[in-house]
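Structure record follows, encoded as structure tokens.
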Amino acid sequence: MGMGRRTGFWLPVVIIFFWGLAVLVLQDDTLREKVFTLFMFVGLASSLNLLLGYSGYISFGHIVFFGLGGYSGFYLISQHHWSIYPAMLAGGVLSATLAGLLGLAVLRLRGAYFALATIGINEAARALVGNFGPFGGATGLYVNFATYQQYGGAGKALWLTFILLWLTILIILTVSFMIKDSRFGLGLMAIREDEDAALVMGVGAARLKTLAYMFSAFFPGIIGTLYFFKNGNVEPGDAFQLQMSIEMLVMVMLGGQGTVLGPLLGAVTYQGLRGYLLTSPIFKNLHLAMAGLILLLIILFVPTGGIGWLRERLPRLRKVLE
Amino acid sequence: MRPKSLVGLVVAVILVMAKIMWADADTSKTRTVVIGFTASQTGKLNVEGTRQINGLNLWIEQVNAAGGIKLPDGTVIKVAAKFYDDESSKSRVQELYTKLINQDRADFLISPYSSGLADAAAVIAQQYNRIMITAGAASDSTHKKGYTVVYQTYTPASRYLTGAVDLLAGLDPKAQKIAIVYEKDKFCTDVVNSLTSYAKQQGLQVVLFEGYDSGTTDFAPFINKIPAKVDAVMGGGHFADTSTLARQLYEKKVNTKMIALLVAPPEDQFAELGDAALGVIGPSQWEPLVAYTPEAANSLNIAWIGPKAGDFIARYRSKYKEEPTYHSAGGYVAGLLLEKAINQSGSTATAKVKEVLDHLDIMSFYGRLRFDQTPAGHGLQVGHDMVYIQWQQDAQGKLVKQLVWPEAVKTAAAQPIKAR
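In the order they appear, the protein sequences are chains A and B. The opening residue of the first sequence carries number 92 in the numbering used here; numbering runs sequentially from there. The opening residue of the second sequence carries number 237 in the numbering used here; numbering runs sequentially from there.
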């Protein structure tokens, strides 16, 4: 069945479309900022899901692609005066290329070994960037406020950044569904269930895994460029936060790995929960510990996440909840 | 209606109208300005962020208790604070400052603690043309981005350790060699890059320039590279690593005339290092020992604002049951600056307050404050100087903190490190 006729495809896309449209119509700056943060996490979680959800490979250091892509895009804007449009694409392409090269090596590892390697990559990238002169070393890079003038001023530039992120999220959801609905996705899911059996059945595991890794790295590179462009500066400490990697994992697992709607649901739920925990007098210093506990409980009791649980319990919803 | 009744009615209406007009006039004389900020109540900057906000809240309490800010036209400005927890996270800062401006209608902004968070907030302040005082941010780069409404209270990172070079020249005019070992993060790198340039300008040789990663606990590889007969060791990073570096410099018997390190030495806990702390010098934005006075302001022909140091310390201690630090002083002074600018401009309008801030040259218990007015570095702090403390022994052999620089406020002369 074509994806155009599938409710499961339209549901997340329609949610995000109208959500973003509502922000644009209301022209409320405060709402825009709040939704920007939320969309950013939806995008990052959905990107991770392309690898984790479909192929079962757990990347603990996936934030490296947000950091490196963001750094590269921001470098082009601040040092070479590129416009945000090509710069964000360049950030994405560089992230994907790097993932392709790294994937050739680390995707040979499985399970915990792969997860450990991804943490190592993130830490190595942080150390590299912190010593890399063109990226400003430990002091990072910044843009002059006048840079925003070419977009009609800082106010319009912030709206433009929001719109670009919104469109990026819509593309990520579409790509996520297309992969899930394709032969490529079927191959990835075969790898997830039993990689050796998939190999025996003729699935080109190495090529498919690398491609999935590249797709899942491309979008964080774009999101990173948009985020740092909006912030006006980038530093190694902000770009490679391992904590964000763990939060991305929690979001995917919470919503439902291997589903299109799951990361969206997970990101929104986690952000709401995080807001509550951080303002709660009891939990405010324990929010990461709580995130870890949630992850543990999900893995133990609801390994398929929220959407997976609903699909199992309510078969009628399977067509709607992809 | 009888004429008497008509007269009575007219008189009553006039009285009511007069009452309403009087009430209106009375209200128009009192206004409330909202000062918006985020406080790092959770996350890694919790301690410093909370101290900064304590200082600011003390100023708000005092200014309101004194009846508000009185403008020349008789209007009284009361101050209200509106703040949120930024979780020490950049991803929250822009969202919250946008909310402070648009929903809470903040008239003025105070930055969060740390250069990274202040940088993120400054973009929003400039975008909405709201004056922001960066209370706890030392980065120079924030003020090189073309902002026109952002003003810094801290001495910038580029001048954090340059005074130590002048101090070294005073300790030993023949000093030639310095070794720099520093934490490789934005703040420390900014500090040591400027230190290196200044040292070279002064004819010193930088014989070692080594950065270490955040979280380093073993400094032996760096200490072993320090050449013999080096005149000073400078650098460090944040509290934990700087304290460890100082201890290991002592354990490895590094003999030098001066050790000047960032962040940790001014903290009271640094004395717990015992002999390893003896002689170590550290820069600080402000110390309770500093005695800037109205007389000092007079001698410079500039205005004095706010309480004397003793008053500030006593009130802070009484309210929070702890000693104020430079973070607390920075928060308080951010409020004082706004008070002075609003009062002098006679207005709360951004353009008028900005005009005053641009040309302000004043002194308070915190020191002198003046801002760069050039487009290349607008708002950068150019009036305030770091003070340098040194851990020395008193008559009983107990470790005490002494101010050794600048000359105008020092409580003791700097001493060379004893042979180890």
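Even for Gly, the Cβ is constructed at its ideal location relative to N, Cα and C.
Determine the chain A residues that contact residue i at a beta-carbon separation under 8 Å, and present them in chain order.
i	result
residue 420/B	221, 222, 228, 229
residue 326/B	322, 329
residue 372/B	Neighbours of residue 372/B on chain A: none; closest Cβ ~17 Å, over 8 Å.
residue 510/B	Ordered by position in chain A, no residue passes the 8 Å Cβ test against residue 510/B, which lies about 32 Å from the chain.
Using a cut-off of 9 Å between C-beta atoms, extract the partners of residue i located in chain B.
i	result
residue 252/A	What residue 252/A touches in chain B: nothing, since even the nearest Cβ is about 11 Å away.
residue 233/A	355, 377, 378, 380, 381
residue 246/A	363, 364
residue 249/A	330, 334, 359, 360, 363
Contact criterion: CB-CB distance below 7 Å. Does residue i meet it with respect to chain A?
i	result
residue 456/B	no
residue 335/B	yes
residue 177/B	Any property of residue 177/B remains undetermined from this structure, which presents chain B solely from 237 to 656.
residue 649/B	no
residue 388/B	no
residue 338/B	yes
residue 425/B	yes
residue 261/B	Confidence in residue 261/B is poor, its pLDDT being 47 and thus under 50, which makes the residue's placement too unreliable to answer from.
Verify the CB distance criterion: does residue i have a CB-CB separation below 7 Å to chain B?
i	result
residue 329/A	yes
residue 121/A	yes
residue 124/A	yes
residue 360/A	no
residue 214/A	no
residue 326/A	yes
So residue i contacts chain B; which residues on that side make the cut at Cβ distance below 8 Å?
i	result
residue 236/A	359, 362, 381, 382, 383
residue 218/A	449
Could you give the C-beta distance for residue i and residue j, rounded to a whole number, given that I count them as a contact under 8 Å?
i	j	result
residue 263/A	residue 137/A	5 Å
residue 312/A	residue 145/A	Between residue 145/A and residue 312/A the Cβ distance is about 19 Å, and since that is not below 8 Å, they are no contact.
residue 337/B	residue 360/B	7 Å
residue 120/A	residue 326/B	Wrong, their Cβ atoms sit about 18 Å apart, outside the cutoff.
residue 260/A	residue 107/A	5 Å
residue 346/A	residue 398/A	6 Å
residue 235/A	residue 382/B	5 Å
residue 272/B	residue 340/B	6 Å
residue 352/B	residue 519/B	So it is not a contact: roughly 20 Å between Cβ atoms.
If you compare alpha carbons, which of the options is closest to residue i?
i	options	result
residue 387/B	601/B, 376/B, 289/B, 485/B	376/B
residue 225/A	297/A, 188/A, 170/A	170/A
residue 323/B	349/B, 312/B, 339/B	349/B
residue 603/B	644/B, 266/B, 578/B	644/B
residue 213/A	158/A, 413/A, 403/A	158/A
residue 363/B	339/B, 354/B, 334/B	334/B
residue 189/A	389/A, 251/A, 310/A	310/A
residue 589/B	344/B, 452/B, 270/B	344/B
residue 298/A	315/A, 316/A, 279/A	279/A
residue 251/A	320/A, 354/A, 197/A	320/A
residue 360/A	374/A, 245/A, 338/A	338/A
residue 308/A	153/A, 111/A, 210/A, 112/A	153/A
residue 412/B	451/B, 432/B, 423/B	432/B
residue 286/B	297/B, 311/B, 320/B	320/B
residue 483/B	458/B, 509/B, 495/B, 399/B	509/B
residue 646/B	540/B, 522/B, 615/B	522/B
residue 295/B	443/B, 449/B, 565/B	565/B
So with CB distances below 7 Å, who are the chain A contacts of residue i?
i	result
residue 471/B	Those within 7 Å of residue 471/B in chain A number zero; the least Cβ separation is about 13 Å.
So with CB distances below 7 Å, who are the chain B contacts of residue i?
i	result
residue 128/A	327, 331
Closer than 9 Å by beta-carbon distance: list the chain A residues that pair up with residue i, in chain order.
i	result
residue 613/B	Residues of chain A passing the Cβ test: none, with the nearest at roughly 12 Å.
residue 272/B	Simply none; closest approach about 12 Å.
- Counting Cβ pairs closer than 8 Å, one from the region 627-637 of chain B and one from the region 598-615 of chain B, do we hit at least three? no
- Answer yes if the region 404-422 of chain B comes into contact with the region 572-586 of chain B, meaning at least three C-beta pairs across the two stretches below 8 Å, and no otherwise. no
- How do the region 505-521 of chain B and the region 535-551 of chain B stand: do at least 3 beta-carbon pairs fall below 8 Å, yes or no? no
- Quick check: the region 293-310 of chain B against the region 361-380 of chain B, are there 3 or more CB pairs under 8 Å? no
- Within the chosen definition, does the region 540-560 of chain B reach the region 325-336 of chain B through at least 3 CB pairs nearer than 8 Å? no
- Three or more beta-carbon pairs under 8 Å between the region 154-168 of chain A and the region 275-290 of chain A, yes or no? no
- Specify whether the region 456-471 of chain B and the region 418-433 of chain B touch according to this definition: at least 3 beta carbon pairs, one from each stretch, less than 8 Å apart. yes
- Message: Tell me whether the region 568-580 of chain B and the region 480-499 of chain B touch, counting them as touching only if at least three CB pairs, one residue from each stretch, are closer than 8 Å.
- Response: no
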